[in-house]
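>
Residue numbers (the working numbering), protein chains in the order written: chain A, 801 to 1078; chain B, 7 to 479.
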């Protein structure tokens, strides 16, 4: 475990009017690890994601992303597109957001926008046919091919993304996020709606992303077969507050987590409340 | 395709089965027409000799309207039922013709461009020096202006999915910048540039219009959908109202006249000794200028198409289309949506401005009357009817929308059918509206609704219109 975490979330609080969606949350995402963010429905997991990726501006708190060369990015101060482009945080969405009218390949090429934009001299050189746009364009197709291969979508490359079955769309969204060359990949419920076989495949894919591509993963997931199987580190949220943080086995046996997920016997309520700190 | 069409038919209303249901539906449509036509058609008013208002009952016209709607609706409903039952299309391209069409596709564009370049010669051969002016000017130049405007707006609406109801503002900016530069600035500073005025001002007009596009775009582009449409509409009107009221600048309603005509790269089109005809040893006739204008707008329109086709395959063009599909996903991929929208808006505006400069040079006179909301609506209708994003569709729609009403003037043979008093030009707008309704029933997503992908691994497959989003600002 490296000394400097890739992403350090400190005292993150997000209020919507009177509602406190995330309350003083702190956790670390370490480099080369798969970190899972779990919790019952409405616990504020997606809100945390939206804060990290810049879609929400947090009310309080600090989120520091440290790149390998030691550069720091304060995510709470950056607009969403710069978080993806400069801090290198990519994300997927709970309700899949593909470019349905574009082909699978085009989806992956759009993800390489910033690289290609630079290579084409911000369009002007590319339009005139000078500079390295041709080479960059070929390289972008190669990268897309690599991810198509990895997500087993090569056969569907020329089909519209909207034509793919649900499981393929989920994988395509991951491939598209990976085409932005991220350091941290944030997945919002990647296993939702997948059958057990597809869930297993997802595990393999995520492990490979961590090992072969060296990308750290932060995921929200309800499917415990995915969470407990692949994560190195689990953070549990309930009502916007962190109730547990540790290895999968530690979290699994934490009485607070069990109480949050399964509830407790009536006679134990007081004892558990005291323990939880209510 | 058939599957897609079904879905759209189902969305437009539950398709009940059986001819009885179709009859009921048609009768209902007829009843609505009857109700609507009582105040509009049933009575005509005129003044008699004593200046009294007299009502003329025209119940026969009402009966015609009701009958046409009844039969039309009946046919549409029956056809929808047939399709829902899996009957397929009424007009299907025969299977044997499919490969032929596929082979024809790559040569279609060169053929069309070849025809366009040969068009003035063809019309000269067919209708002589006198008669061909009408064909080249009223049809050729007029349609091509709208093709260019449609292609320009297509970048904004069709590719980037930004609904712009004030496009004519940029047309006006282009026209007025040429007019003012050529009539005031150049004579006052470098009068020697006179013959070159058009060629200098053409890019200037485009750049100025693009600049205005950026200026208007900055505050506007944070809005989406309906809000964007309303604000662009307002900006379009504002520019027109400024042109009307700032008389010192634009001479208000009086407009600007005496705008210099374009020269043949420095050689003016006039009867003088150093004019075009004399230089090339030809007899002077005004048609040379018309033909030159035709080729000029043709090249300008093709330039618009060329840039659009090139840009679609570049990152910025893909980003436009991605923006139309899903703006939030774009931001999550690190695309700066503000600058991406601005490039689309300003590029579309720039082409509008160039078309405006051409319009001013062709007319020799411009006034705010030429830049009303109606123009924006027509250009937008061309883009929507053509199929958003499709260059072919927009071009065809421009031919239908602009050439169609003009063609009605030529339909002398209708007099033989409906009697001597029948004037086809009177029915231009009626048939124009009817054609729009028919296209929207027949092809709800425009004439060409499929989208050509910009890159492919093995085989380029057109994307069905049902997947392509229309954008929401």
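No residue lacks a Cβ here, since even glycine has one placed at the ideal position from N, Cα and C.
1. At 8 Å on the CB atoms, spell out the chain B contacts of residue 832/A, in chain order.
2. I need the straight-line Cα distance from residue 273/B to residue 203/B, nearest angstrom please.
3. Counting only beta-carbon separations shorter than 8 Å, does residue 1016/A have a partner in chain B?
4. When the Cα atoms are used, what is the spatial distance from residue 465/B to residue 939/A?
5. For the region 861-871 of chain A against the region 345-358 of chain B, are there 3 or more C-beta pairs whose distance is under 8 Å?
6. Please report the residue range of the alpha helix (DSSP H) in which residue 1053/A lies.
7. Give, in chain order, every residue of the region 320-342 of chain B whose Cβ lies closer than 7 Å to some Cβ of chain A.
8. Does residue 913/A come within less than 8 Å of chain B when only Cβ atoms are used?
9. Which same chain residues end up closer than 6 Å to residue 122/B when comparing Cβ atoms and leaving out the 5 residues on each side of it in sequence?
10. Quick check on residue 481/B: does DSSP put it in helix, strand or coil?
11. With residue 910/A and residue 260/B assumed to form a contact (beta carbons below 8 Å), what rounded beta-carbon distance in angstroms separates them?
12. Whole angstroms is fine: what's the gap from residue 372/B's alpha carbon to residue 366/B's?
13. Spell out whether any CB of chain B is found under 8 Å from the CB atom of residue 884/A.
14. Taking 8 Å as the threshold, find out whether the region 970-983 of chain A comes into contact with the region 942-953 of chain A through three or more Cβ pairs.
15. The region 437-464 of chain B: which residues have C-beta closer than 9 Å to a C-beta of chain A, in chain order?
16. What in chain A is Cβ-close to residue 269/B, meaning under 9 Å?
17. Our contact map puts residue 156/B next to residue 388/B with C-beta atoms below 8 Å; I'd like the distance itself, whole angstroms only.
18. Over what stretch of residues does the alpha helix (DSSP H) that includes residue 343/B continue unbroken?
19. Report yes if the C-beta distance between residue 999/A and residue 1023/A is below 8 Å; otherwise report no.
20. Quick one: what's got a C-beta closer than 6 Å to residue 290/B's C-beta in the same chain, skipping five residues either side?
21. Quick check on DSSP: helix, strand or coil for residue 13/B?
22. Within 10 Å of its beta-carbon, does residue 96/B have 16 or more other beta-carbons around it, so buried, or fewer, so exposed?
23. Check the DSSP bridge columns for residue 862/A and list the partner residues they point to.
24. Between the region 167-176 of chain B and the region 225-236 of chain B, can you find at least three pairs of beta-carbon atoms closer than 8 Å?
25. Tell me the DSSP bridge mates of residue 50/B?
26. For residue 806/A, collect the residues of the same chain with a Cβ closer than 7 Å to its Cβ; drop the 5 residues on either side in sequence, then sort them by chain order.
27. Output, in chain order, the set of chain B residues within a Cβ distance shorter than 9 Å of residue 878/A.
28. If the cut is a Cβ gap below 9 Å, which residues of chain A does residue 467/B touch?
29. Which residues mark the beginning and the end of the beta strand (DSSP E) in which residue 835/A is found?
30. List, in chain order, every chain A residue whose beta-carbon is nearer than 7 Å to that of residue 474/B.
31. With DSSP collapsed to three states, give me the class of residue 474/B.
32. Please name the residue, chosen from 390/B, 353/B, 332/B, 419/B, that lies closest to residue 899/A on a Cα-to-Cα basis.
33. Could you work out which residue in 109/B, 470/B, 340/B is closest to residue 396/B when comparing CA atoms only?
34. Taking CB distances under 8 Å as the criterion, tell me whether residue 993/A reaches chain B.
35. State yes or no: is the beta carbon of residue 43/B nearer than 8 Å to at least one beta carbon in chain C?
36. State yes or no: is the C-beta of residue 837/A within less than 8 Å of the C-beta of residue 822/A?
According to the structure data:
1. For the purposes of this step, residue 832/A is identified with residue 32 of the first chain, where counting begins at 1. Those do not exist, as residue 832/A stays about 22 Å from chain B at its closest Cβ, beyond 8 Å.
2. The residue given as residue 273/B occupies position 267 in the second chain. The residue given as residue 203/B occupies position 197 in the second chain. Each residue's Cα considered, the two are about 12 Å apart.
3. Taking the first chain and counting its residues from 1, the one referred to as residue 1016/A is at position 216. For residue 1016/A, no CB of chain B lies under 8 Å from its own CB, so it is not counted at the interface with that chain.
4. Position 459 of the second chain holds residue 465/B. Position 139 of the first chain holds residue 939/A. Answer to the nearest angstrom: the Cα atoms are 19 Å apart.
5. In short, these stretches do not touch, since the Cβ pair count stays below three.
6. Against the first chain, residue 1053/A aligns to sequence position 253. Unbroken run through residue 1053/A: none, as it is neither H nor E.
7. Within the region 320-342 of chain B, the qualifying residues are 320, 321, 322, 324, 325, 327, 328, 331, 332, 334, 335, 337, 338, 339, 340, 341, 342.
8. Reading the first chain from its first residue, position 113 is the one you call residue 913/A. Chain B contact via Cβ: present.
9. The sequence position of residue 122/B within the second chain is 116, counting from 1. Answer for residue 122/B: 304, listed in chain order.
10. Nothing can be reported for residue 481/B, as the shown portion of chain B is limited to 7 through 479.
11. Here the question's residue 910/A lines up with position 110 in the first chain. Here the question's residue 260/B lines up with position 254 in the second chain. The pair is not a contact, with the Cβ atoms about 50 Å apart (cut-off 8 Å).
12. Your numbering for residue 372/B matches position 366 in the second chain. Your numbering for residue 366/B matches position 360 in the second chain. Rounded to whole angstroms, residue 372/B to residue 366/B spans 6 Å at the Cα level.
13. As a first step, residue 884/A must be located in the first chain, where it is residue number 84. Against chain B, the CB of residue 884/A has a partner CB under 8 Å away; the residue lies at that interface.
14. Touching, yes.
15. Within the region 437-464 of chain B, the residues whose Cβ lies closer than 9 Å to some Cβ of chain A are 457, 459, 460, 461, 462, 463, 464, listed in chain order.
16. Start at 1 with the first residue of the second chain, and residue 269/B comes out as number 263. Within chain A, no residue comes near residue 269/B; the closest Cβ sits about 28 Å away, beyond 9 Å.
17. Here residue 156/B refers to the residue found at position 150 of the second chain. Here residue 388/B refers to the residue found at position 382 of the second chain. 4 Å between Cβ atoms; contact.
18. If you number the second chain from 1, residue 343/B lands on position 337. For residue 343/B, the enclosing alpha helix (DSSP H) stretches over residues 343-369.
19. Counting from one through the first chain, the residue named residue 999/A turns up at place 199. Counting from one through the first chain, the residue named residue 1023/A turns up at place 223. In this structure, residue 1023/A lies closer than 8 Å to residue 999/A by Cβ.
20. One-based indexing of the second chain puts residue 290/B at position 284. In chain order, 277, 283 place their CB closer than 6 Å to the CB of residue 290/B, counting only its own chain and leaving out the 5 sequence neighbours on each side.
21. Taking the second chain and counting its residues from 1, the one referred to as residue 13/B is at position 7. Because the pLDDT at residue 13/B is just 42, under 50, the model does not fix this residue reliably, and the value given afterwards should be weighed accordingly. If DSSP states are grouped into helix, strand and coil, residue 13/B belongs with the helices.
22. Within the second chain, numbered from 1, the residue matching residue 96/B stands at position 90. Its pLDDT being 49, under 50, residue 96/B is placed unreliably by the model, and the measurement read from it follows with that caveat. When all chains shown are included, residue 96/B counts as exposed.
23. The sequence position of residue 862/A within the first chain is 62, counting from 1. Residue pairing from DSSP places residue 862/A in a beta bridge opposite 810/A.
24. Touching, yes, given that three or more Cβ pairs across the two stretches are closer than 8 Å.
25. In the second chain, residue 50/B corresponds to position 44, counting from 1. DSSP, once it has assigned bridges, lists 62/B as partnering residue 50/B.
26. If you number the first chain from 1, residue 806/A lands on position 6. Counting only Cβ-Cβ distances below 7 Å, and skipping sequence neighbours, we find 829, 830, 831, 865, 866, 983, 984, 1016.
27. Counting from 1 along the first chain, the entry for residue 878/A is found at position 78. Simply none; closest approach about 11 Å.
28. Here the question's residue 467/B lines up with position 461 in the second chain. Result: 903, 958, 959, 960.
29. By 1-based counting over the first chain, the position of residue 835/A is 35. Start and end: 834-838.
30. On the second chain, residue 474/B is found 468 positions in, with the first residue counted as 1. Result: 901.
31. In the second chain, residue 474/B corresponds to position 468, counting from 1. Coil at residue 474/B, not helix or strand.
32. Here residue 899/A is taken as the residue at index 99 of the first chain, counted from 1. The shortest C-alpha to C-alpha distance from residue 899/A to any of 390/B, 353/B, 332/B, 419/B is the one to 332/B.
33. Taking the first residue of the second chain as 1, we reach residue 396/B at position 390. Residue 396/B has its Cα closest to that of 470/B, out of 109/B, 470/B, 340/B.
34. Within the first chain, residue 993/A is the residue found at index 193, counting from 1. Residue 993/A does not count as touching chain B.
35. You won't find chain C in this structure, because its protein chains are A and B.
36. Working through the first chain from its first residue, we reach residue 837/A at position 37. Working through the first chain from its first residue, we reach residue 822/A at position 22. No.
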